[in-house]
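Going by this note's numbering, the letters in the sequence shown line up with residues 27 to 332, in that order. To start, the structure itself, in structure tokens.
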Amino acid sequence: MVFLSVQPSTSAGICRESCGDQWVRFPFRLGSQPDRCGYPGFNLSCNNQSKAMLSLPFAGEFIVEDIDYFYQRIWINDPDHCTPRRLLNGLNLSGTHFEPQYPESYAFLNCSNVAISKQLPEAMYVSCLSGETFSVVAIPANRLDMYRSLLWSCREIGRVLVPDWDPYYGMRLGLRWNEPNCISCELGGGTCMFKTDMGLDIHCSGGFSSEISTSAKLGIIFGVGIPLLCILGLICHLRMKANDFYNHRQQHNQGISVPIVGSSGLAEGLDGSNIEAYPVTVFGESRKLGDNTCSICLCEYQAIDK
């Protein structure tokens, strides 16, 4: 029997950290961690409110609401809780590994009718940009013509490409990253990390890594293959022995079997009364028939009437 055990590397435990409720691990790193704990461009900071913060070169800082390491997605929000303003000012993701997740074009409208959001089922009310005498709403751009008759009190203030956002969570934005690609490692229960202390090559520590050394492959072949062959050989041997025993038993049974014939199949002879009905010839001392007796003439043998 061969037992294979894959232990996570020591650095994987060192690089695992948290900021409030948010776990931070590769490719992200907190500023207090070693540089090799994170991939370049995935630096986070932890503010005095124990909130993880992501700083984008051309878009500023955002609060990290959640990180999905399995599918490489991150949800961010404006620290001032007005993400739509940040979008209208331009969400420039240049120089980052992030890109919009499910982007959709939205038109932002300033409407004097404060109840406009209740009249448009697809309109999202933007409270941080609205006032007492006007309302700001965001509508999918491809729905403007459909609601044109209801938008008489509105003017368009901007049209932007909005990443996947969730109004029920303060209009947080969904971004994704493709590099480094650690999806298969994460789904396999491993931890993605740098392969060496130099360069940007990554590998999977723990879990079901596809990188198996030659010695490990030989160990699997000899440790699993040979016992399997022995088991198959034993099964074949036992089967042959069973067949031999069965054939021998069949031959033995055929050798000692005696056919039983019923009484109806036996030939029956003449009974005594029939025998006495035929004539009796008595031989003399010469043991020869008389001259008037024909030995081959059946007609002379007649039954005696009783």
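Even for Gly, the Cβ is constructed at its ideal location relative to N, Cα and C.
Here the C-alpha atom of N69 lies approximately 7 Å from the C-alpha atom of L80. Judged by DSSP secondary structure, P105 falls outside any beta strand (DSSP E); it is assigned neither H nor E. Note on geometry: alpha-carbon atoms of E130 and C154 lie some 21 Å from one another.
At the C-beta level, G57 and H123 stay beyond 8 Å of one another. In this structure, R202 places its C-beta atom within 8 Å of the C-beta atom of Q98. P53 carries a coil assignment under DSSP once its states are collapsed to helix, strand and coil. In the three-state reduction of the DSSP assignment, D270 falls in the helix class. When DSSP states are grouped into helix, strand and coil, E43 belongs to the strand group. S143: member of the alpha helix (DSSP H) spanning 142-145, first to last residue.
Membership of S71 in the beta strand (DSSP E) is indicated by the continuous run 69-72. In this structure, N139 is the residue among P189, D171, N139, G215 with its C-alpha nearest to the C-alpha of V162. Taking A141 as reference, the option from C180, I209, K221 with the minimal CA-CA separation is C180.
Listed as beta-bridge partners of T217 by DSSP are S231. Looking from the CA of S44, the closest CA among D92, C108, G232, L82 belongs to D92. Non-local beta-carbon contacts of L113 in its own chain, meaning distances under 7 Å to residues more than five positions away in sequence, involve V186, V188 in chain order. Beta-bridge partners assigned by DSSP to N168: none are found. A residue is called buried when at least 16 other Cβ atoms come within 10 angstroms of its Cβ; W191 meets this threshold and is buried. Where V186 is concerned, the enclosing beta strand (DSSP E) starts and stops at 180-188.
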